[in-house]
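Residue numbering for the sequence shown follows numbering that gives the first Met the number 0, starting at 0 and increasing by one per position.
Think of the CB as a built atom: it goes at the ideal place given N, C-alpha and C, for glycine as much as any other residue.
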Amino acid sequence: MPMVQADRLIRIGAALLRAAGATEEEASAVAVGCVNANLAGHDSHGVIAIPTYIDRIKAGHIVPGAKWTIVQESPTTTVIDGHWGFGFHVNAKAMALTIEKAKTANVAACTVFRQSHVGRLAAYPLMAMRAGMIGIAAADSGRSPKHVAPFGGREARLGTNPISIAVPSDLEAPFYLDMATSAVAAGKIALSVARGEPIPQGWIIDAEGRHTTDPIQYRKGGALLPLGGSEGYKGSGLAAMVEVLCGLLTGLGFGVEPTGRHNDGCFMAVFNVAAFRPLKDFEKEVGEFARYLKSTPPSEGSPGVFYPGELEHIREQQRRRDGIEVEDATWEKLMALATDYKLIAELDLKMKSKPVRTRRTA
């Protein structure tokens, strides 16, 4: 697998997206969002997604240059129609507006519909965190094909329906949660297929409802399992609530629409910490809480406790220094697109990337 520095990978991704029709602002938003996911170790939402986004542009499912509009609003709420624009771009604008409203009203929320894949969900609550606020986001995929079987079932009826919460602190690594309500994100199955690797037991079932470690079975009518293993009703219940907030509250509905157009619905909320207690005091106490969690002696075979968001920060520091591993299948797709768009020379892609000698894990 080639090893590529983050800034170069952003340049490659942005150039390909511009060539496919994205505006400069959109291309930058998507490329940076994808590479930031790679940096955090969430490769399933990284540059592996760029060829899919370009396919969706060609199919008319993503509309470059689409102008998002406010359908309905109050001093504390906003309903936004993305008009099939890039989710990275539309959702960031929606969160920025919600943060501005929270500066005045202390609490604000929005729903967003008719936008493409929003990428790594944590990107949006982290915007609120950097503004000294608590940010919450949840997302589903509208009525596009579903991936997750509800607890006890064998056919997909739910999306991976992620939830993310970010909290201000005085810590070096941000304190935040970013999780799918399924056992794993669907992109991680695609990543395992691209890398030719088996997956852990408990991630998926095959078309007959049997547990399997073969990721290819997912594409053959299998389904992801909800978070929680034998207690999967917990992940299944969380996913159902996300579906209500992001599918029903946005008006996207539930179930599957035959054309299969990916349509991320989002619910986001922001809470101004200063409306509840002094921000500096809160940030200090969150840091103390994180250190309290980490002070527990490790259990057998464990490297110790990491607070939410810490591992992602460690991976980012490593990958900014060493570069990002891009699986061969993804790199070949990016190179094929660069060839089609006659960008090989412009992006200096004639030289082979340095092969990976060792694989590091946080």
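Using the DSSP secondary-structure output, state which residues sit across from residue i in a beta bridge.
i: E324; result: M2
i: C265; result: V111, A138
i: F270; result: V106, I133
i: I53; result: I53 pairs with nothing; no bridge assigned.
i: V166; result: F174
i: S181; result: P225
i: E72; result: T77
i: L84; result: The sequence shown places Gly at residue 84, rather than the Leu named in the question. Looking at the DSSP assignment, G84 forms a beta bridge with Q114.
For residue i and residue j, which I take to be in contact (beta-carbon distance under 8 Å), what is that distance rounded to the nearest angstrom?
i: M2; j: G322; result: 4 Å
i: P161; j: L120; result: 5 Å
i: V371; j: T110; result: The requested residue 371 does not occur in the structure, where the chain is confined to residues 0 to 361.
i: Y340; j: L16; result: That pair is no contact at about 10 Å.
Identify whether residue i lies in helix, strand or coil by the three-state DSSP scheme.
i: I211; result: For clarity, residue 211 is Thr in the given sequence; the question names Ile instead. In the structure shown, T211 sits in a strand (DSSP, three-state: E or B).
i: L251; result: coil
i: V243; result: helix
i: I61; result: coil
i: L157; result: strand
i: V147; result: strand
i: H406; result: Given that the chain is displayed from residue 0 to residue 361, the structure contains no residue 406 and the question cannot be resolved.
i: G286; result: helix
i: W330; result: helix
i: I203; result: strand
i: H41; result: coil
i: G195; result: coil
i: F281; result: helix
Can you give the Cα-Cα distance for residue i and residue j, rounded to whole angstroms?
i: K102; j: V272; result: 10 Å
i: M132; j: M267; result: 13 Å
i: P297; j: L176; result: 21 Å
i: G221; j: H116; result: 22 Å
i: R356; j: E242; result: With a pLDDT of 47 at R356, under the threshold of 50, the predicted position of this residue should be treated as unreliable, and no value is reported.
i: V325; j: H44; result: 12 Å
i: F150; j: R218; result: 20 Å
i: T329; j: G86; result: 21 Å
i: A93; j: S191; result: 33 Å
i: P144; j: R276; result: 44 Å
i: K353; j: A122; result: In this prediction, K353 scores a pLDDT of 47, lower than 50, which makes its location untrustworthy; the coordinate-derived value is nonetheless stated afterwards. Answer to the nearest angstrom: the Cα atoms are 30 Å apart.
Could you pull out every residue in the same chain whose Cβ sits closer than 7 Å to the Cβ of residue i, ignoring the five residues on either side in sequence?
i: S367; result: Residue 367 cannot be examined here, being either before or after the span of the chain that is shown, 0 to 361.
i: I9; result: A30, V31, V34
i: T295; result: V304
i: A185; result: H146, T159, L223
If I measure Cβ to Cβ from residue i and keep anything under 8 Å in the same chain, skipping five residues before and after, which residues do I get?
i: Q4; result: G322, I323
i: E345; result: A14
Considering only residues of the same chain and omitting the five flanking positions on each side of residue i, which have a CB-CB separation below 6 Å?
i: I53; result: A19
i: F112; result: T249, L251, G264
i: F281; result: V272
i: S235; result: P149, F150, P225
i: G228; result: G201
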